[in-house]
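As structure tokens, the structure follows; a few thoughts come after it.
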Amino acid sequence: MQLVFLDRLNLAYKDYGYVDKDFEIALDLVIIQKSLFTINKSKLNVSVGDIVILKDAPIHYIGIVERLEVADKHRTTVHVLDFKEMFSIDIPVESYTGDLSLYLENMLVGNFKQSNDPLQNLSYLTIERGSSVQGELSFEPDKIMSLASVMELITKSYGLRLTTEAVYLRGRVTGIIFRIGEVQRGIKLKNNYQAIQDLVVNDSSSQMVNKLTYYPKVENVLFKNTLVYYLLTNGELTQDIHHPNRYKSVKPKAFYYTDNDYPTLLTKARSEMIASKLDHNITFTIKTDNDVFQPMKNIELGDFVEFVNNEQTYDSVVTSIKFSQGFHKAMVTLGEYRIKLTEKIQLLNKSVNSAMSHISIQSTGITDLDGGEF
């Protein structure tokens, strides 16, 4: 297979190289991961920031050159970031209620198709919106956030899927399509499925939060009542203390709120408890020649998985897919908890930044698992 290098501004061809068996493709919804390709050239007409396309491979991969490292006099190792890192720019954000897929499309078009800065516009980029998901975002006034972070939060909470694909004309790459779609299927997977190997299940040190109490601040003028929200086993929220679908083991958490916070308390509660629900790390290697769970073919980042491990069931999401030295196997991660120290540090930095942003997200509580049980 080949790694083709294209100019970031116009997709003009710059160079190419053949990829040897020493490669790793790492895709992750939670933290920034780098993919590595070693190619059969020591001199390349390539710059940091250029676009890379993997050709003649069983999966689609588009990335951005992050660093070049000469391995020896005949080979170069190329460090590549996922194409979505192109959207890691800071923008002003405003509260919004309505179609969140349209919200994402407008942000992308405004910043990469109709920007006042011509060098930021990507003429070859096509935004395709194939879903309509209603929801609500609440930001504090005059807030600046990374566009990539907003995209991550929306897709995680509303079941939107973001994918990229190269457009070819007579063998030449002429464009890139960025699709905003909706996750259409989920799957119920058991730990004894025959294609699974090297299964490791880790929970975080904290129990999942399933009860949130909001107390009014003393200086509140308009709102002085205490509100309590409970997470149900089907992913919905309720204020009914006697609801039969409440978790039997209660893990509470509490906050104070201001008058300005009051209208968004439900969405804040949902955002807090969704993050807690995905606070686990399930990793396994799976043979890709199975007929059920095929990473980057019928299973993508963001897909819902109900994973059954002995007596415990995890309502989870595919957050990482890795291929190393071939495509016959893939390492899959479910959940947002990370084990490696460097990854924990990245997560800590993200949580601090998110807390400072006071973002509220309302999820639709998608529980459709029509992909079957295996």
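For the sequence shown, our numbering assigns the number 662 to the initial residue and increments by one for each residue that follows.
No residue lacks a Cβ here, since even glycine has one placed at the ideal position from N, Cα and C.
Query raised in the report: V879 by DSSP, collapsed to three states: which one?
Result: Here the question's residue 879 lines up with position 218 in the sequence shown. DSSP places V879 outside both helix and strand once states are collapsed to three, so it counts as coil.
Requested in this report: Below 8 angstroms on the Cβ atoms is my guess for Y875 versus L926; work out the distance and round it to an integer in Å.
Outcome: Your numbering for residue 875 matches position 214 in the sequence shown. Your numbering for residue 926 matches position 265 in the sequence shown. Indeed they touch by this definition, with Cβ atoms about 5 angstroms apart.
Query raised in the report: On the three-state DSSP scale, how would you describe I841?
Result: For the purposes of this step, residue 841 is taken as the residue at position 180 of the sequence shown. Strand.
Query - Per-residue burial, H721 [other beta carbons within 10 Å of its own, 16 or more giving buried] - result: Position 60 of the sequence shown holds residue 721. The residue in question, H721, is exposed, as its Cβ has fewer than 16 Cβ neighbours within 10 Å.
Query raised in the report: With contact counted as at least three CB pairs below 8 angstroms, one residue from each stretch, are the region 949-958 and the region 850-863 in contact?
Result: The region 949-958 is in contact with the region 850-863.
Requested in this report: Quick one: which unbroken alpha helix (DSSP H) runs of 4-plus residues sit fully inside the region 887-969? Chain order, please.
Outcome: Runs found: 926-938.
Requested in this report: Return the first residue and the last residue of the alpha helix (DSSP H) that V811 is part of.
Outcome: As a working note, residue 811 is residue 150 in the sequence shown. Unbroken alpha helix (DSSP H) run through V811: L808 to Y819.
Query - Cβ distance (whole Å) where G796 is taken to contact L761 below 8 angstroms - result: The sequence position of residue 796 within the sequence shown is 135, counting from 1. The sequence position of residue 761 within the sequence shown is 100, counting from 1. Contact holds; Cβ gap of about 5 angstroms.
Requested in this report: Under 8 angstroms Cβ to Cβ from Q955, same chain only, skipping five residues before and after it: list those, please.
Outcome: Position 294 of the sequence shown holds residue 955. For Q955, same chain residues with a beta-carbon under 8 angstroms away, outside a window of 5 residues either side, are T949 in chain order.
Query raised in the report: With a CB to CB cut of under 8 angstroms and the five nearest residues on each side skipped, what residues in its chain are close to D751?
Result: By one-based count along the sequence shown, residue 751 stands at place 90. Exclusion of the five residues before and after D751 leaves I805, M806, S807 and L808 as the residues of its chain whose Cβ lies within less than 8 angstroms of its Cβ.
Query raised in the report: Grouping DSSP H, G and I as helix and E and B as strand, with all else coil, what is S756?
Result: In the sequence shown, residue 756 corresponds to position 95, counting from 1. DSSP, reduced to helix, strand and coil, places S756 outside both helices and strands of the structure shown, so it counts as coil.
Query - Buried/exposed call for A687, threshold 16 Cβ in 10 Å - result: Within the sequence shown, the letter at position 26 stands for residue 687. Label assigned to A687: buried.
Query raised in the report: Is it true that the CB of A827 sits closer than 8 angstroms to the CB of I723?
Result: The residue labelled residue 723 in the question sits at position 62 within the sequence shown. The residue labelled residue 827 in the question sits at position 166 within the sequence shown. In contact: I723 and A827 (Cβ atoms closer than 8 angstroms).
Query - The alpha helix (DSSP H) enclosing L769, as first and last residue numbers - result: Taking the first residue of the sequence shown as position 1, residue 769 is located at position 108. Taken as a continuous stretch (DSSP letters only), the alpha helix (DSSP H) holding L769 covers L761 to F773.
Query - M992 - partner residues in DSSP beta bridges - result: Residue 992 sits at position 331 when you count from the first residue of the sequence shown. Bridge partners of M992: T946 and K983.
**Report entry** At least 3 beta-carbon pairs within less than 8 angstroms: the region 832-848 vs the region 760-775
**Finding:** The region 832-848, when compared against the region 760-775, does touch it at the 8 angstroms Cβ threshold.
Query raised in the report: Is F884 helix, strand or coil by DSSP?
Result: The residue labelled residue 884 in the question sits at position 223 within the sequence shown. In the structure shown, F884 falls within a coil segment according to DSSP collapsed to helix, strand and coil.
Report task. Determine the extent of the beta strand (DSSP E) in which R999 is found, giving its start and end residues. Result -> Mapped onto the sequence shown, residue 999 falls at position 338. Element bounds for R999: n/a, residue is neither H nor E.
Requested in this report: Compare the Cα-Cα distances from N863 to each of E967, R669 and G996 and report the closest residue.
Outcome: Locating residue 863 in the sequence shown gives position 202, where the first residue counts as 1. For N863, the closest of E967, R669 and G996 by C-alpha to C-alpha distance is G996.
**Report entry** Cβ shell of E727 (< 8 angstroms), same chain only, five flanking positions each side left out
**Finding:** The count along the sequence shown starts at 1 and reaches residue 727 at position 66. Here the set comprises K695, V709, H740, V741 and L742.
Requested in this report: Could you name the residues of the same chain whose beta carbon sits closer than 8 angstroms to that of L821, not counting the 5 residues immediately before and after it, in chain order?
Outcome: Locating residue 821 in the sequence shown gives position 160, counting from the first residue. Taken in chain order, the residues that qualify are L761, S762, L765, S792, V794, I815, I841, G842, E843, V844 and G963.
Query raised in the report: Buried or exposed: N1041, going by 16 or more other Cβ atoms within 10 Å of its Cβ?
Result: An answer regarding residue 1041 cannot be provided, because it is not within the stretch 662 to 1035 covered by the chain.
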